[in-house]
Amino acid sequence: MYYDRIPLSLLDKKSVYKHVSVVFQDYVKYLLTIRENIGFGELDQLYNDDRLNDVIYENGLYEVVQQLPNGLDTRLGKEFGGEELSIGQWQRIAIARGHVRNSTIIVLDEPTASLDPVIEAQVYAKFLNLSKNKISVIISHRVGSASLAHRILVMKTGKIIEDGSHTELMQKDGEYARLFKLQAQWYV
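First residue of the sequence shown: 1, per the numbering used here; consecutive thereafter.
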């Protein structure tokens, strides 16, 4: 694997990590403030209210935060007397944590697993907008979301078995097309 035509093995790992944001399916819920939950994605931005508010807005959390008693400084989690969020809101907090850093590489691992279809569509639309001029990797079992990518790698038993755009892979009529048709039957 290469970054800017240089093998990753030759690059300083800390330098690479500075340019990467990752949002995992099994994200962490910090029972701290919203500011801290998002700001932990880039500690230099922890007290930059303008940046945090931009990220909150970009991730569809603005109205949620505005309704909380202390806005950005509202403690989350009932365990310590804080406010509780829905699973989908927690997941959007995790995605915002990944977006607060202005990374050149963004990796999303099943980022919308806990979101309803309307919010999922909004998250992907915002993600596509935020991903312009960046390297974005989406790991997903939902083939519909994969269809948004410029390039799709289909893996099976740990190996890449297909590679191409949505259109190319549908024309090949292989594993990707089979999975896409299988999932699409529930929506048509």
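We put the beta carbon where it would ideally sit given N, CA and C, even for glycine. The model shown is predicted, which means the values in this text are computed figures rather than measured ones.
Closest by C-alpha distance to residue i, when choosing among the options
i      : options                          : result
Phe24  : Ser136, Gly164 and Gln91         : Gln91
Gly71  : Leu32, Leu128, Ala177 and Ser131 : Leu32
Gln89  : Glu120, Val107 and Asn102        : Glu120
Ile138 : Lys132, Lys126 and Ile152        : Ile152
Ile34  : Pro7, Gly82, Lys126 and Ile87    : Gly82
Phe127 : Asn37, Lys13 and Val55           : Val55
Gln122 : Tyr57, Leu10 and Val154          : Tyr57
Between the CA atoms of residue j and residue i - distance to the nearest angstrom
i      : j      : result
His19  : Ile105 : 6 Å
Phe40  : Lys132 : 23 Å
Ser15  : Gly60  : 31 Å
Asn37  : Thr74  : 10 Å
Lys159 : Asp12  : 27 Å
Asp49  : Leu115 : 26 Å
Coarse secondary structure for residue i, derived from DSSP in three states
i      : result
Pro190 : No answer is possible for residue 190: the residues shown for the chain start at 1 and end at 188.
Tyr27  : coil
Leu61  : coil
Thr167 : helix
Arg92  : helix
Tyr2   : strand
Glu162 : strand
Leu11  : coil
Residues near residue i in its chain [Cβ-Cβ closer than 6 Å; skip 5 each side]
i      : result
Ser21  : Gly98, Arg101, Ser103 and Ile106
Glu79  : Leu31
Met170 : Ala177
Beta-carbon proximity list for residue i, same chain, < 7 Å, skipping 5 on both sides
i      : result
Ser140 : Glu110 and Ala146
Ala113 : Gln25
Gln45  : Gly39, Arg51, Leu52 and Val100
Contacting residues, own chain, Cβ-Cβ under 8 Å from residue i (five flanking each side not counted)
i      : result
Gln183 : Arg142, Val143 and Gly144
Within the chosen definition, does the stretch 162-177 reach the stretch 143-150 through at least 3 CB pairs nearer than 8 Å? yes
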